[in-house]
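Here's the structure we're looking at; comments come further down.
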Amino acid sequence: MVPPPIVIKCACGIETRGTAGALIHCQGCGLKYDTASEARILETVAAKTQRQFRYLSRSGVGLVGLCGLGGLYLYKTPGLLVGAAIGAAFWYVLLMPFMKKRMIAKATSLYTPTISPHRK
Ligand SMILES: [Zn+2]
21 MVPPPIVIKC ACGIETRGTA GALIHCQGCG LKYDTASEAR ILETVAAKTQ RQFRYLSRSG
81 VGLVGLCGLG GLYLYKTPGL LVGAAIGAAF WYVLLMPFMK KRMIAKATSL YTPTISPHRK
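If you're matching positions, the sequence shown starts at 21 in our numbering and goes up one per residue.
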């Protein structure tokens, strides 16, 4: 997994960009920030969100299949196609973008790292 970008806001007021997991030096005063433990927590949050995305996507495939089978049962072969199309449109066009936005908002609010500097 690619380490996520991170911004360190130092007490001196300077913001320094880096990647999570790296030892980041403040560009203003030179304080060191070790972000290894924060990277592990961010990785856990990202893995949980990816699991939820996979579950959501697989649920959509299941719903499309069920709608197709319902259409097949009611209206034969044309019903299969129309039912699957209605299921796909409902899930992937209407519901999934909404759920995706909610999941990302939840994941970003779960953890805000606070890192103390090391003076050396
Ligand atoms: Zn600083």
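Even glycine gets a Cβ: it sits at the ideal position worked out from N, Cα and C.
Cβ of residue i versus every heavy atom of ligand 1: is any distance shorter than 8 Å?
i, result
"Leu83", "no"
"Leu43", "no"
"Ile26", "no"
"Ala31", "yes"
"Gly50", "yes"
"Ile135", "no"
"Ile34", "yes"
"Cys87", "no"
Relative to the alpha-carbon of residue i, which residue among the options has its alpha-carbon at the smallest distance?
i, options, result
"Gly38", "Gln47, Leu89 and Val65", "Gln47"
"Arg71", "Thr132, Ile135 and Ile124", "Ile124"
"Ile26", "Cys32, Gly50, Ser79 and Glu58", "Glu58"
"Pro117", "Gly80, Gly85, Ala67 and Asp54", "Gly80"
"Phe73", "Leu115, His138, Ala42 and Leu43", "Leu115"
For residue i, which residues does DSSP report across the bridge?
i, result
"Ile44", "Tyr53"
"Lys29", "Glu35"
Would you call the CB atoms of residue i and residue j closer than 9 Å?
i, j, result
"Gly91", "Leu100", "yes"
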